[in-house]
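S.K.: Input: one structure, supplied below.
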Amino acid sequence: MKIKFFYKYPKTLLNKGTGFLSGYTHSLNPYTGCAYGCSYCYVRQMPVSMFRKEEWGTWVDIKKKAADLLRKELERAKRKGKVTIFMSSSTDPYQPIEYKEKVTRSLLEVMVENKPDFLFVQTRSPLVRRDIDLFLLLKDRVRVSMTIETDREDIRKHFTPGAPPIGARLKTLQLLADAGVPTQATIAPVLPSSEEFPEKLRKWVNRVCVDDYFMGDGSGGKRTKNLGIFSMYEELGLEEWYDPSAYQIVYDRLKKVFSTEQIYLSQKGFLP
Ligand code: SF4
C-alpha cells in the first residue's frame, strides 16, 4: 500500500499519561499515524484518525525537530518530579519510515543524555534492534515490549497483513535478550495461537503480558465492536476466539511454562 508522508513541526511532544496509561507521567509518540494499519487498531476510532480524510494506515506525520523539543520538555518535566514515559500509545515508534527518518532514535539519544526514571518502549518492529546500544545506556530504566499476538503466521497475515512477520519479532526478542536489554513479550490483543506458543516465548523472555479487546481497548470492547472485527473471526471459523474468556486459553497455556509472577494481565503488564 502506498503511504503518504507529511512533515510536521509539533508544539508539544510529551503528553500527560491518562486512562490506560495513568501509571505513567507521560506518553510520547514520535509519529502520528501508523503505516502498519492493523485491522483491530483502536486508534482508528480516535479523533486523530477520524478527523482525517485518508484511511488509517495510509498516512504518517513525521515530527520534525522532535529531539530539540523533547530536550526542553524533559528538562522541565524532571524539575517537577518523577518522569515515566510510555512510547508509544498511538503509533509504532519503529514503523518502516523510522529506518530513514530516525525520529525515535533521536528521542532516545535525548533520553540517554537526560534519563527519565523509566521508559517503556512498545513496538512490533524488528527495527528496534538497531537501538540496542542506546537501551543498554538506559540500563534498568527501560523495558522493550514486543507485540506478538500469535505465533501463527497465517493468523498474523489475516489480521495485520502490513505488520512484520512473527519470526522476525521472535528473533528480535532473542537479540534484545542476548544483549541484556530488559524485555517482555506482549500478547495483545490475544489472537488465535497454537499450543506451542508459550514454549517459543520461553526461550527469550521471562515476562509476558496478555491483553485483549475487552480489557484493553479502553472501552470494554466497544471500539473493537465498532470496527467490525468479529467478521474477521467468522471468515476463519474461529469465532470462539472473539470472546471475553478467550484470553484464558492463552493464559492457561502460558502457566504451563511460566510462573504466575511472570505473566501480567492487561494494564498491569504495561506499568513501569
Ligand atoms: S502497530 Fe499499533 S498503532 Fe500501528 S496500526 Fe498496529 S495497533 Fe495501531
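Residue numbers (full-length UniProt numbering): 1 to 272. Note that the Cβ used here is the ideal one computed from N, Cα and C, for glycine as well.
Helix, strand or coil for M46 per DSSP?
M.R.: DSSP places M46 in coil when its eight states are reduced to three.
S.K.: Skipping 5 residues on each side, what residues in its chain have a beta carbon closer than 6 Å to that of P244?
M.R.: Same-chain partners within the cutoff: F214.
S.K.: Closest by CA to L14, which one among D68, Y40, K171 and E199?
M.R.: Comparing Cα-Cα distances from L14 to each of D68, Y40, K171 and E199, the minimum goes to D68.
S.K.: Could you tell me which residues DSSP puts in a beta bridge with R142?
M.R.: First, the amino acid is wrong: residue 142 is Val here, not Arg. The partner list for V142 (beta bridge, DSSP) reads L119.
S.K.: Excluding the five sequence neighbours on either side, which residues of its own chain have a C-beta within less than 6 Å of the C-beta of K64, listed in chain order?
M.R.: Around K64: Y7 and Y9.
S.K.: Tell me the rounded alpha-carbon separation between M1 and T58.
M.R.: The straight-line gap from Cα to Cα measures roughly 7 Å.
S.K.: If distances are taken between C-alpha atoms only, which option among Q184, G218 and E261 comes closest to L21?
M.R.: The candidate whose alpha carbon is nearest that of L21 is G218.
S.K.: Look up T32 in the DSSP assignment and say whether it is helix, strand or coil.
M.R.: Strand.
S.K.: For S106, name the three-state secondary structure that DSSP assigns.
M.R.: Reduced to three states, the DSSP call for S106 is helix.
S.K.: Please determine if the stretch 81 to 88 and the stretch 41 to 56 are in contact, where contact requires at least 3 C-beta pairs separated by less than 8 Å.
M.R.: Not touching, per the Cβ criterion.
S.K.: CB I187 to CB V208, shorter than 8 Å?
M.R.: Closer than 8 Å, so yes.
S.K.: Since I62 is in the alpha helix (DSSP H), which residue starts that stretch and which ends it?
M.R.: Unbroken run through I62 is the beta strand (DSSP E), W59 to K63; no alpha helix (DSSP H).
S.K.: What do you reckon, is the C-beta of V43 under 7 Å from a heavy atom of the ligand GTP?
M.R.: Looking for the ligand GTP in the displayed structure turns up nothing; the ligands present are the ligand SF4.
S.K.: Could you tell me if R129 is buried or exposed, where buried requires 16 or more neighbouring beta carbons within 10 angstroms of its beta carbon?
M.R.: Counting Cβ neighbours within 10 Å, R129 comes out buried, since at least 16 surround it.
S.K.: So is R248 buried or exposed if we call it buried at 16+ other beta carbons inside 10 Å?
M.R.: With the sequence shown as reference, residue 248 is identified as Gln, and Arg is not the correct amino acid for it. Its Cβ having fewer than 16 others within 10 Å, Q248 is exposed.
S.K.: Buried or exposed, going by whether 16 or more other CB atoms sit within 10 Å of the CB of E149?
M.R.: Label assigned to E149: buried.
S.K.: Looking at D154 and T123, is the spacing between their C-beta atoms short of 8 Å?
M.R.: The answer is no: Cβ separation not under 8 Å.
S.K.: Quick check: does the Cβ of S90 come within less than 7 Å of any heavy atom belonging to the ligand SF4?
M.R.: Correct: S90 has its Cβ closer than 7 Å to the ligand SF4.
S.K.: Would you list, in sequence order, the uninterrupted beta strand (DSSP E) runs of no fewer than 3 residues that lie entirely inside the stretch 204 to 244?
M.R.: Fully enclosed beta strand (DSSP E) runs of 3 or longer: 208 to 210.
S.K.: Can you give me the C-alpha to C-alpha distance between K53 and R44, rounded to a whole angstrom?
M.R.: Answer to the nearest angstrom: the Cα atoms are 12 Å apart.
S.K.: Specify the secondary structure class of I132 as computed by DSSP and reduced to three states.
M.R.: If DSSP states are grouped into helix, strand and coil, I132 belongs with the helices.
S.K.: Would D140 and P182 qualify as a contact pair, given that the criterion is a beta-carbon distance under 8 Å?
M.R.: For D140 and P182, yes; Cβs fall inside 8 Å.
S.K.: Using DSSP with H/G/I as helix, E/B as strand and the rest coil, what is Q267?
M.R.: If DSSP states are grouped into helix, strand and coil, Q267 belongs with the helices.
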